[in-house]
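Taking it in order: structure first as structure tokens, then the write-up.
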Amino acid sequence: LLVFMLRRRRKAGEPPLENGWIPLLGLAYQFSKDPLKFLISQQEKHGDIFTIYLAGRYITFIMDPTQFQYVIRHGKKLDFHEFSNEMASRTFNYPRLSEARFPQLSDNMHKIYKIMQGKPLDKLTDSMMINLQHVFKWKFSQATDWKTEKMYQFCCSIMFEASFMTLYGKDPVADGRKVISEMREKFTKFDAKFPYLVINIPIALLGDTKNIRKELINFFMPKKMDKWLDLADVIQARKDILEQYDVLRDYDKAAHHFAFLWASVGNTIPATFWALYYLVRHPEALAAVRDEIDHLLQSTGQKKGPDYGLHITREQLDSLVLLGSAINESLRLCSASMNIRVVQEDFLLELEDDQSVSLRKGDFVALYPPTLHKDPEVFEDPEEYKYDRFVEDGKEKTVFFKKGKKLKAYLMPFGSGSTICPGRFFAVNEIKQFLAVLLTYVDMELISHKPIGQDNSRSGLGILLPDSDAYFRFKLRKFDD
Ligand code: HEM
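Printed below as a string of structure tokens:
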């Protein structure tokens, strides 16, 4: 009875409120089972804005994508950093960036992200292309006849190794391939427990995760990294900044590098899997995308064959609109990154058409992009994979409508506003490069025809993982000379 009496009541001007019946948990169980279905059922009941009590937090969901921009642009009163700082420091085991003993650390770290965008991205892109082909080379050497592999494992081993080498360079004395493959195994184990760490399950309850995390962090100790060659500029710049803070222990600096590693491959690997899986499942899409790549290689006079290195510049990657569309389409279907903001003070959030809503300090406001990505009014037949959905008149299609209004944001796998993923251009380039090399060199087909589903346990956290792996086979294409 006491719990019932202490439940929050809705005040005038506030959105409709659902407390749920289970003390402390609220509606967490219903939400986690199938977030999209649950949110749509709440939308049908309450309209486009409502507040739900979920595991100790009141979260106001904004469901109408024409209103997203009003949340996104309120950077001050709706802040993200407080939440992400706390979550990242707990998950990756470093002190919070916002502590007074690290003046400007957060700002300094953010300033260097521009090294991953625009012109400076050329260098990263070129390096990734060389590393990818290096990693692919031994895979292809085994593929003179059909070779069968599990697709997720395949994507994971190639993308992990190539991205790692591109960002962190190499240790001149260690056996690079062996070290990276041990890292990958540990990383995969840590990553499997990542969703539990984020929701604050004590690490002591997660088996060996604490030790694995420590081993992964130790790998990045400054004295070891000092010896590595060819660090990417962004990693070198991060390292230089961290070195300026004597109050950080070596272990803390290493933990920051580990967090960046997670950010750089944790979502890119499953995103690469889905991009490849949908293409191989839709042979007409695969043929069209391969045609576009072949055409580019022809027009740039590049010979194909296992012994020729491909060179595709960042601008040329940008020109591959069908490939870009196929990747966007798979991101639309597999991304579930919740955009969370913490309300900094009681205030009235003004929305379009003279609507407004009262928000309370300490509550969360959330945008859940799958509600947009699966909206039939924005994307016709939203459950269907249409590889050319994001192409119009031979160019990238960027105009999508809801309620007759042009949407400012129609695809949100990378978050939004001031906290949007700084690695997004590099991520899309990496996936393009992976597919360009693979499609150029091998023929592929799925062996298992049962569709692969999505594992919902990462809903809200990023790209969903497949619920099982898909067997596929590949063989070197026939080349003229
Ligand atoms: C942050 C998605 C690849 C580096 C984020 C966020 C999302 C995201 C949703 C949080 C943004 C927010 O909530 O507003 C993705 C996806 C990727 C990807 C879907 C791949 C498909 C990458 C890559 C890198 C990277 C390749 C680096 C090489 C980062 C960093 C942050 C971040 C450093 C934290 C930014 C901060 O400190 O505010 N990413 N990301 N990401 N991402 Fe990515």
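Take 283 as the starting number for the sequence shown in the working numbering and just add one per residue. For glycine and all other residues, C-beta sits at the position ideal for the given N, C-alpha and C. Given the structure is predicted, the values throughout are model-derived calculations rather than measurements.
Residue i: CB within 7 angstroms of a non-hydrogen atom of the ligand HEM
| i | result |
| --- | --- |
| Asn621 | yes |
| Met410 | no |
| Cys438 | no |
| Cys616 | no |
| Asp295 | What sits at residue 295 in the sequence shown is Gly, not Asp. Answer for Gly295: no, Cβ out of range of the ligand HEM. |
| Phe362 | yes |
| Pro695 | yes |
| His392 | yes |
| Ser366 | yes |
| Ala709 | yes |
| Ser371 | no |
| Met507 | no |
| Arg378 | no |
| Thr430 | no |
| Met398 | yes |
| Ser546 | yes |
| Gly451 | no |
| Pro704 | yes |
| Gly744 | yes |
| Thr550 | yes |
| Ala553 | yes |
Status (buried if at least 16 other CB within 10 Å, exposed otherwise) for residue i
| i | result |
| --- | --- |
| Ala456 | exposed |
| Tyr311 | exposed |
| Arg459 | exposed |
| Leu487 | exposed |
| Thr701 | buried |
| Phe761 | exposed |
| Ala765 | One cannot answer for residue 765 here, as it falls past the ends of the chain, which runs 283 to 763. |
| Asn493 | exposed |
Backbone secondary structure at residue i - three-state DSSP
| i | result |
| --- | --- |
| Ile551 | helix |
| Asn375 | coil |
| Val660 | coil |
| Lys585 | coil |
| Leu592 | coil |
| Arg642 | coil |
| Thr701 | helix |
| Glu666 | coil |
| Leu602 | coil |
| Lys685 | coil |
Bridge-paired residues (DSSP) for residue i
| i | result |
| --- | --- |
| Asn621 | Leu649 |
| Gln736 | Pro748 |
| Asp361 | Val624 |
| Thr342 | Thr333, Val647 |
| Thr680 | DSSP lists no partner for Thr680. |
| Val724 | Leu758 |
| Lys452 | Leu511 |
| Gly742 | Ser619 |
| Leu299 | Thr333 |
| Val673 | Glu678 |
| Tyr753 | Lys432 |
| Glu597 | According to DSSP, which records beta bridges pairwise, Glu597 is partnered with nothing at all. |
| Glu632 | Ser638 |
**OP:** Say whether the stretch 576-583 touches the stretch 621-631, bearing in mind that this needs 3 or more beta-carbon pairs closer than 8 angstroms, one atom from each stretch.
**Re:** These segments do not touch.
Original post:
Three or more beta-carbon pairs under 8 angstroms between the stretch 391-407 and the stretch 505-524, yes or no?
Top reply: yes
Original post:
Okay, do the stretch 316-336 and the stretch 664-674 touch, 3+ Cβ pairs below 8 angstroms being the bar?
Top reply: Because the criterion of three Cβ pairs below 8 angstroms is not met, the stretch 316-336 and the stretch 664-674 do not touch.
**OP:** Could you tell me whether the stretch 499-508 touches the stretch 345-353, using the rule of 3 or more Cβ pairs below 8 angstroms?
**Re:** no
Original post:
Any contact of the stretch 435-454 with the stretch 735-742, i.e. 3+ C-beta pairs under 8 angstroms?
Top reply: The answer is no - the stretch 735-742 does not touch the stretch 435-454, with fewer than three Cβ pairs under 8 angstroms.
**OP:** Taking 8 angstroms as the threshold, find out whether the stretch 597-608 comes into contact with the stretch 675-686 through three or more Cβ pairs.
**Re:** Look at the beta carbons and you see the stretch 597-608 touching the stretch 675-686: at least three pairs across the two are nearer than 8 angstroms.
**OP:** Please confirm if the stretch 421-437 is in contact with the stretch 532-543, defined as three or more CB-CB distances below 8 angstroms between the two stretches.
**Re:** no
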